[in-house]
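Here the structure is laid out as C-alpha cells; the discussion comes afterwards.
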Amino acid sequence: TGDVRVESGSANLYQPNLQMQQLALQARMVEGAVTVDGTARVGKGLMHVHGEMRWRDDLPYGVLHLWGSNLQIVNLPEAQIDAAPDLQFRIAGRRIDATGTVLVSHARIAPRSFAGAVSVSSDQVIVGEESSSPARRYQVVSTITLELGKDVNIDTMGLTGRLAGRITVQSGLGRGRTATGELSVVKGRYSAYARNLTIESGRLLFRGGPIDDPGIEIRAVRRYPDVTAGINVS
Numbered sequence: 023t024g025d026v027r028v029e030s031g032s033a034n035l036y037q038p039n040l041q042m043q044q045l046a047l048q049a050r051m052v053e054g055a056v057t058v059d060g061t062a063r064v065g066k067g068l069m070h071v072h073g074e075m076r077w078r079d080d081l082p083y084g085v086l087h088l089w090g091s092n093l094q095i096v097n098l099p100e101a102q103i104d105a106a107p108d109l110q111f112r113i114a115g116r117r118i119d120a121t122g123t124v125l126v127s128h129a130r131i132a133p134r135s136f137a138g139a140v141s142v143s144s145d146q147v148i149v150g151e152e153s154s155s156p157a158r159r160y161q162v163v164s165t166i167t168l169e170l171g172k173d174v175n176i177d178t179m180g181l182t183g184r185l186a187g188r189i190t191v192q193s194g195l196g197r198g199r200t201a202t203g204e205l206s207v208v209k210g211r212y213s214a215y216a217r218n219l220t221i222e223s224g225r226l227l228f229r230g231g232p233i234d235d236p237g238i239e240i241r242a243v244r245r246y247p248d249v250t251a252g253i254n255v256s
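23 is the number of the first residue of the sequence shown in the numbering used here; add one for each residue after it.
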C-alpha cells in the first residue's frame, strides 16, 4: 500500500515532437492493484489518463483510458496537428487492445518529400542488439476511428485543399495496417504544368485493404469561356 506522485513534470516524444508539460501523475497501490490518474498540458489542451492495473504471474492486466481535447499531437515543419483523442487500452498479459476515436480538429499538412517513408519490418535484426523472443513481446491489436474536422488542410505536390471524412484503421494479429472509410478533398485545387485546376470531386476510398493503397477518384477541371477541360482519375 502506498502512493507515488509526479508533479510539474515534462516529457517529449521525439518523432512527432509531442511535448507534454505540467505533467502530474499519481499511482495508488492497494492490495496488489494500482490505480493511475494523470494530466498533462499538450499544446493548448489538457490530456487526461485514468487506469487500473493488477499483476498476475508478473504480467499486467487492466484498463487505461486516455482522453483530451485540442492536444497538439504533431508539431513538425511539414505537419501541425491538433486532436481530441478518446482511447481505451485493455491490457491482458502480453496483449494490448486499443480502441476508440481520434477527432482531428486542426491540421496543416505540407510534406515536401516522401523520401525515407519506408517502414521497417518487424523481423529486422540489428547486429549486436539482443533480440527478444516472440513469447516475450507485447502484441498490440488496435481499431481506431480517425475523424477529420472542418479545419484540416493539405498542401503538397501541387494539391491544396481541405480534407474531410472518416476512416477506421485496424492493425495487429499478424496483419498490416488496414483501413475502411472515405476521405474527400473539399474546395481543392491542383497545379500541374503551369495550370491550375479546380477539384470538383476527390475521394480516397478505403475498403479494408492496406492503408497506403486506397482507391482514388478525382475529377479536376479548368473552365474557359467556351469550353471546360479537365482530367478524371480512378
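Glycine included, each C-beta is placed from N, C-alpha and C at the ideal position.
Comparing C-alpha positions only, which one of the options sits nearest to residue i?
| i | options | result |
| --- | --- | --- |
| VAL124 | ARG116, ALA132, ILE118 and ALA105 | ALA105 |
| MET69 | GLN41, VAL174 and ALA120 | GLN41 |
| SER223 | ILE253, ARG78 and ASP108 | ILE253 |
| ASN92 | PRO107, SER30 and GLY24 | PRO107 |
| GLY84 | ALA120, ALA242, GLU100 and ILE103 | ALA120 |
| GLN94 | VAL64, LYS172 and ALA216 | VAL64 |
| GLY24 | ARG245, GLU53, GLY171 and SER164 | GLU53 |
Using a threshold of 7 Å, is the CB atom of residue i nearer than that to any non-hydrogen atom of the ligand PLP?
| i | result |
| --- | --- |
| ALA120 | Summarising the ligand content, the structure contains no ligands, and the ligand PLP is consequently not present. |
Could you give the distance in angstroms between the alpha-carbon of residue i and the alpha-carbon of residue j?
| i | j | result |
| --- | --- | --- |
| LEU132 | VAL26 | According to the sequence provided, residue 132 is Ala. The question's Leu does not apply to it. Rounded to whole angstroms, ALA132 to VAL26 spans 42 Å at the Cα level. |
| GLY122 | LEU86 | 12 Å |
| PRO82 | ALA55 | 10 Å |
| LEU219 | ARG116 | 51 Å |
| ILE233 | ASN34 | 27 Å |
| ILE221 | ILE238 | 13 Å |
| ILE118 | ARG197 | 15 Å |
| HIS128 | MET75 | 34 Å |
| MET51 | THR57 | 7 Å |
| PHE111 | ILE176 | 31 Å |
Rounded C-beta distance between residue i and residue j? I'm assuming under 8 Å.
| i | j | result |
| --- | --- | --- |
| VAL208 | LEU168 | About 17 Å; that fails the 8 Å criterion. |
| LEU6 | VAL71 | With the chain running from 23 to 256 in the structure shown, residue 6 is simply not present. |
| LEU181 | TYR212 | 5 Å |
| LEU98 | PRO38 | 7 Å |
If we count Cβ pairs, one from each stretch, closer than 8 Å, do we get three or more for the region 221-234 versus the region 183-202?
The answer is yes - the region 183-202 touches the region 221-234, with three or more Cβ pairs under 8 Å.
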